[in-house]
Amino acid sequence: MAWPAEATGAPIPPPARLGRRRWIVVALLFAATVINYVDRQMLGLLKPLLSQEFRWSDTDYADIIFWFQASYAVAYIVFGRVIDRVGARWGYALTFVIWNLAHMAHGLAGGLVQFTLARVALGAGEAGNFPAGLKSVAEWFPRRERALAVGIFNAGSNVGAVVTPLVVPVIVAIADWRTAFVVTGVISFGWLAAWLAFYRRPEEDRHLTGAELAHIRSDAISPTIAVQGPRLRWVLRQRQTWAYVLAKFLTDPIWWVFLFWLPDFLGRRFGLDLSSFGPPLVAIYLMSDVGSVTGGWLSSRLMRRGLGANRSRKVAMLACAVCVVPVLVAPWVGGLVAAVLIIGLATAGHQGFSANLMTLPSDLFPPSAVATVVGLGGTAGAVGGMVMSKFTGWILQTTGGYGPIFLTAALAYPLALLALQTLSPQLRPAIPESGGAAF
Numbered sequence: 007m008a009w010p011a012e013a014t015g016a017p018i019p020p021p022a023r024l025g026r027r028r029w030i031v032v033a034l035l036f037a038a039t040v041i042n043y044v045d046r047q048m049l050g051l052l053k054p055l056l057s058q059e060f061r062w063s064d065t066d067y068a069d070i071i072f073w074f075q076a077s078y079a080v081a082y083i084v085f086g087r088v089i090d091r092v093g094a095r096w097g098y099a100l101t102f103v104i105w106n107l108a109h110m111a112h113g114l115a116g117g118l119v120q121f122t123l124a125r126v127a128l129g130a131g132e133a134g135n136f137p138a139g140l141k142s143v144a145e146w147f148p149r150r151e152r153a154l155a156v157g158i159f160n161a162g163s164n165v166g167a168v169v170t171p172l173v174v175p176v177i178v179a180i181a182d183w184r185t186a187f188v189v190t191g192v193i194s195f196g197w198l199a200a201w202l203a204f205y206r207r208p209e210e211d212r213h214l215t216g217a218e219l220a221h222i223r224s225d226a227i228s229p230t231i232a233v234q235g236p237r238l239r240w241v242l243r244q245r246q247t248w249a250y251v252l253a254k255f256l257t258d259p260i261w262w263v264f265l266f267w268l269p270d271f272l273g274r275r276f277g278l279d280l281s282s283f284g285p286p287l288v289a290i291y292l293m294s295d296v297g298s299v300t301g302g303w304l305s306s307r308l309m310r311r312g313l314g315a316n317r318s319r320k321v322a323m324l325a326c327a328v329c330v331v332p333v334l335v336a337p338w339v340g341g342l343v344a345a346v347l348i349i350g351l352a353t354a355g356h357q358g359f360s361a362n363l364m365t366l367p368s369d370l371f372p373p374s375a376v377a378t379v380v381g382l383g384g385t386a387g388a389v390g391g392m393v394m395s396k397f398t399g400w401i402l403q404t405t406g407g408y409g410p411i412f413l414t415a416a417l418a419y420p421l422a423l424l425a426l427q428t429l430s431p432q433l434r435p436a437i438p439e440s441g442g443a444a445f
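This is the structure:
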């Protein structure tokens with residue numbers, strides 16, 4: 007019989023140090039998402055200036071967004087499969103290089119067609135950001151920490167949206183809008199060097215402690231399925247896949263509206279321009295940051311208190327959906343401050359909802375299928391965004407008002423949660439038959 011150390015008088019060994027290397031991964035994902043959204047939002051911020059210089063109509067601008075989202079939709083599912091095959095490290099590097107070069111190419115554009123082509127290339131590259139990021143979280147975090155990790159790195163989208171109206175107008179004032187695209191692109195390549203230097207799968211990271219590796223793998227669905235991904239047709243047969251896809255189809259387009267059309271809304275409703283967009287947009291996206299982290303924290307907190315993933319995720323998503331509903335009155339409030347607070351609450355609700363929604367593929371599928379499922383959902387969200395872009399351009403061209411657009415935003419999240427509950431009422435993990443082959 008082995009006696010406890012305290013009974014024998016032997017010194018008690020200290021507990022193994024858990025380590026926090028997984029949070030460095032989150033910091034890198036956060037930084038990449040900041041860059042992703044700076045690149046994505048710059049066109050929306052510069053819309054008034056570019057529309058005047060190139061004489062774009064609302065439908066012209068909507069068409070540029072439409073083709074960006076069409077490219078994003080196709081590339082999202084392609085990158086989902088590619089990243090599952092080559093891994094997060096090289097998959098993320100590939101997608102980053104494509105989107106950053108495309109971003110810099112905007113500075114060479116001389117008209118509607120060239121902007122559209124640059125935007126198509128940008129959409130193709132940016133489509134890999136979330137499949138790679140969510141796969142990295144699935145590799146580096148246990149289920150009970152994933153929503154918080156996703157919430158933190160997804161908050162980078164809001165920080166990017168804050169940085170853009172603060173930094174870009176300064177560059178434009180000093181130089182011009184073309185220089186703004188080139189300078190931000192060149193600086194961003196520093197992230198690529200840091201990513202390739204640091205990122206490995208946990209089992210390949212020689213600086214990772216054994217305690218932290220055990221913590222990361224403490225609730226893996228099935229480590230035996232990590233070598234080969236399940237067949238794509240098996241993924242498509244799962245109700246869990248379609249619950250995620252439909253929820254993304256309904257909610258992603260609303261974020262696109264906030265991202266690409268908020269400067270235009272503030273200009274039409276309150277007379278703001280490039281020199282005065284900054285403070286309202288900063289306030290809105292800082293609120294979004296709070297929503298992203300809080301939404302992820304809430305479900306992780308509920309899980310630590312003993313609730314299952316199903317109830318924890320859905321309770322958090324319901325709270326976030328309620329936060330979006332008041333946005334339907336935003337076009338009619340009398341003051342700028344009130345409008346900013348209502349829209350900021352809605353964007354915070356979206357980000358908290360998304361932090362939990364984007365965690366579901368890693369909750370429900372083995373790591374070797376996560377990026378594929380994320381890719382399917384991203385494609386659905388981009389297709390929804392294409393429809394929403396055309397709808398927004400048509401509404402503004404025919405009525406000049408944002409009322410129907412914000413009403414659509416208010417309804418999207420309750421409908422998405424209803425669809426999720428209908429198709430996957432228990433959020434049970436899907437387990438492939440004997441692992442399967444990639445296709």
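When the letters of the sequence shown are read in order and numbered with our numbering, they come out as residues 7 to 445.
By construction, the Cβ of each residue, glycine as well, lies at the ideal position given by its N, Cα and C atoms.
*Return the CA-CA distance between L202 and W400, expressed in angstroms with no decimal places.*
Against the sequence shown, residue 202 aligns to sequence position 196. Against the sequence shown, residue 400 aligns to sequence position 394. Computed Cα separation, rounded: 44 angstroms.
*Helix, strand or coil: which one does DSSP assign to Q75?*
Locating residue 75 in the sequence shown gives position 69, where the first residue counts as 1. Reduced to three states, the DSSP call for Q75 is helix.
*Please report the residue range of the alpha helix (DSSP H) in which H356 lies.*
As a position in the sequence shown, residue 356 is number 350, starting the count at 1. For H356, the uninterrupted alpha helix (DSSP H) run begins and ends at 342-363, by DSSP.
*Candidates A127, D258, R212: closest to T385 by CA position*: Taking the first residue of the sequence shown as position 1, residue 385 is located at position 379. Per the Cα distances, D258.
*Let me know if S430 comes out buried or exposed under the rule of 16 or more other beta-carbons within 10 Å of its beta-carbon.*
Residue mapping note: residue 430 aligns to position 424 of the sequence shown, counting from 1. By the 10 Å Cβ count, S430 comes out buried.
*Express the C-alpha separation of L140 and P372 in angstroms, rounding to a whole number.*
Along the sequence shown, read from residue 1 onward, the residue named residue 372 stands at position 366. Along the sequence shown, read from residue 1 onward, the residue named residue 140 stands at position 134. Taking the straight line joining both Cα atoms gives about 12 angstroms.
*Kindly indicate which three-state DSSP category T405 falls into: helix, strand or coil?*
On the sequence shown, position 399 is the one that residue 405 refers to. Coil at T405, not helix or strand.
_Helix, strand or coil at D258 [DSSP, three-state]_ = Indexing the sequence shown from 1 puts residue 258 at position 252. DSSP places D258 in helix when its eight states are reduced to three.
_Cβ-based neighbour list, F72, same chain, cut-off 7 angstroms, excluding 5 preceding and 5 following_ = Start at 1 with the first residue of the sequence shown, and residue 72 comes out as number 66. So the qualifying residues of the chain are M392, S395, K396.
*Would you say the segment 374-381 touches the segment 76-90, given that touching needs at least three Cβ pairs under 8 angstroms?*
yes
*Measure the Cβ-Cβ separation of Y98 and A68 and say whether it is below 8 angstroms.*
Within the sequence shown, the letter at position 92 stands for residue 98. Within the sequence shown, the letter at position 62 stands for residue 68. Against a cut-off of 8 angstroms, the Cβ pair of A68 and Y98 comes out as no contact.
_Which of the three DSSP states is assigned to G313 in this structure?_
Against the sequence shown, residue 313 aligns to sequence position 307. Here residue 313 turns out to be Leu, not Gly, going by the sequence shown. In the structure shown, L313 adopts coil according to DSSP, grouped into three states.
_Taking its Cβ as the centre, do 16 or more other Cβ atoms sit within 10 Å of I41, making it buried, or is it exposed?_
Against the sequence shown, residue 41 aligns to sequence position 35. When all chains shown are included, I41 counts as buried.
*asked:* Counting C-beta neighbours from all protein chains within 10 Å, is the total for Q58 16 or more, i.e. buried, or is it exposed?
replied: In the sequence shown, residue 58 corresponds to position 52, counting from 1. So Q58 counts as exposed.
_Given a cut-off of 8 angstroms on the beta-carbon distance, is the pair L272 and L280 in contact?_
By 1-based counting over the sequence shown, the position of residue 272 is 266. By 1-based counting over the sequence shown, the position of residue 280 is 274. Their beta carbons are not under 8 angstroms apart, which means L272 does not touch L280 by this criterion.
*How many Å lie between S294 and N164 at the Cα?*
The count along the sequence shown starts at 1 and reaches residue 294 at position 288. The count along the sequence shown starts at 1 and reaches residue 164 at position 158. Roughly 6 angstroms separates the two Cα atoms.
*Q244 - DSSP class collapsed to helix/strand/coil*: One-based indexing of the sequence shown puts residue 244 at position 238. Here Q244 sits in coil by DSSP.
_Classify A79: buried if its beta carbon has 16 or more other beta carbons within 10 angstroms, exposed otherwise._
On the sequence shown, residue 79 is found 73 positions in, with the first residue counted as 1. So A79 ends up on the buried side.
*Could you tell me whether the Cβ atoms of G191 and M309 are closer together than 8 angstroms?*
As a first step, residue 191 must be located in the sequence shown, where it is residue number 185. As a first step, residue 309 must be located in the sequence shown, where it is residue number 303. Contact flag unset, no.
*Could you check how far apart the C-beta atoms of A81 and A153 are, in whole angstroms? I think they sit under 8 angstroms.*
As a first step, residue 81 must be located in the sequence shown, where it is residue number 75. As a first step, residue 153 must be located in the sequence shown, where it is residue number 147. With 8 angstroms as the limit, A81 and A153 do not qualify as a contact, their Cβ atoms being about 26 angstroms apart.
*Which first and last residues belong to the alpha helix (DSSP H) in which R28 is found?*
As a position in the sequence shown, residue 28 is number 22, starting the count at 1. It spans 27-60 - the alpha helix (DSSP H) in which R28 sits, taken as one unbroken run.
*Can you have a look at F276 and say buried or exposed, based on whether 16 or more other CB atoms are within 10 angstroms of its CB?*
Translated into positions along the sequence shown, residue 276 becomes position 270. That one is exposed.
_alpha helix (DSSP H) segment containing H221, residue limits_ = Locating residue 221 in the sequence shown gives position 215, where the first residue counts as 1. Bounds of the alpha helix (DSSP H) holding H221 are 216-222.
_My assumption, with CB atoms under 8 angstroms, is that L433 sits in contact with A336. Please give the rounded CB distance._
For the purposes of this step, residue 433 is taken as residue 427 along the sequence shown, with counting starting at 1. For the purposes of this step, residue 336 is taken as residue 330 along the sequence shown, with counting starting at 1. That pair is no contact at about 32 angstroms.
*Which whole-angstrom value describes the C-beta separation of G406 and Q357, a residue pair presumed to lie in contact below a C-beta threshold of 8 angstroms?*
As a working mapping, residue 406 is identified with position 400 in the sequence shown. As a working mapping, residue 357 is identified with position 351 in the sequence shown. A Cβ-Cβ distance of about 29 angstroms is found for the pair G406 and Q357, leaving them out of contact under the 8 angstroms criterion.
*Name the two residues that bound the continuous alpha helix (DSSP H) containing E132.*
If you number the sequence shown from 1, residue 132 lands on position 126. First-last of the alpha helix (DSSP H) with E132: 118-132.
*CB contact flag (A388, F359, <8 angstroms)*: Taking the first residue of the sequence shown as 1, we reach residue 388 at position 382. Taking the first residue of the sequence shown as 1, we reach residue 359 at position 353. Result no, Cβ atoms of A388 and F359 do not sit closer than 8 angstroms.
*Helix, strand or coil for P435, going by three-state DSSP, please let me know.*
As a first step, residue 435 must be located in the sequence shown, where it is residue number 429. P435 falls in the coil class under three-state DSSP.
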